[in-house]
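Worksheet for the structure shown next.
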Amino acid sequence: MLKKEEGRRKREEGRRKREKILLCLNFKLKKSEEKEKKEEEQILLCLNFKLKKSEGRRKREKYYFV
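Residue numbering for the sequence shown follows the working numbering, starting at 2 and increasing by one per position.
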């Protein structure tokens, strides 16, 4: 039983890491918890990406390469 739960937890962690990398590569920001959002922003800062508010009708956040 413990092995199943541990395997599930590891898969979940791996999925979250892959999603964060994909966010960096695709310039997409997914709706996420505040903690995860801060981690994503730190990763993007390391890769020289910048968060900028869009000035169109839809006020969206987009990532631009600096």
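For each residue, glycine too, the CB sits at the ideal point set by N, CA and C.
Cβ atoms of residue j and residue i: under 8 Å apart, would you say?
{"i": "Lys21", "j": "Glu41", "result": "yes"}
Looking only at its own chain, which residues have a Cβ that is under 7 Å from the Cβ of residue i, when we skip the five neighbours before and after it?
{"i": "Arg10", "result": "none"}
May I have the straight-line CA-CA distance separating residue i from residue j, to the nearest angstrom?
{"i": "Lys5", "j": "Lys39", "result": "30 Å"}
{"i": "Arg17", "j": "Leu3", "result": "21 Å"}
{"i": "Arg19", "j": "Ile44", "result": "12 Å"}
{"i": "Glu7", "j": "Glu14", "result": "11 Å"}
Using a Cβ-Cβ cut-off of 6 Å (strictly less than) and excluding sequence neighbours within five positions of residue i, which residues of its own chain qualify?
{"i": "Arg12", "result": "none"}
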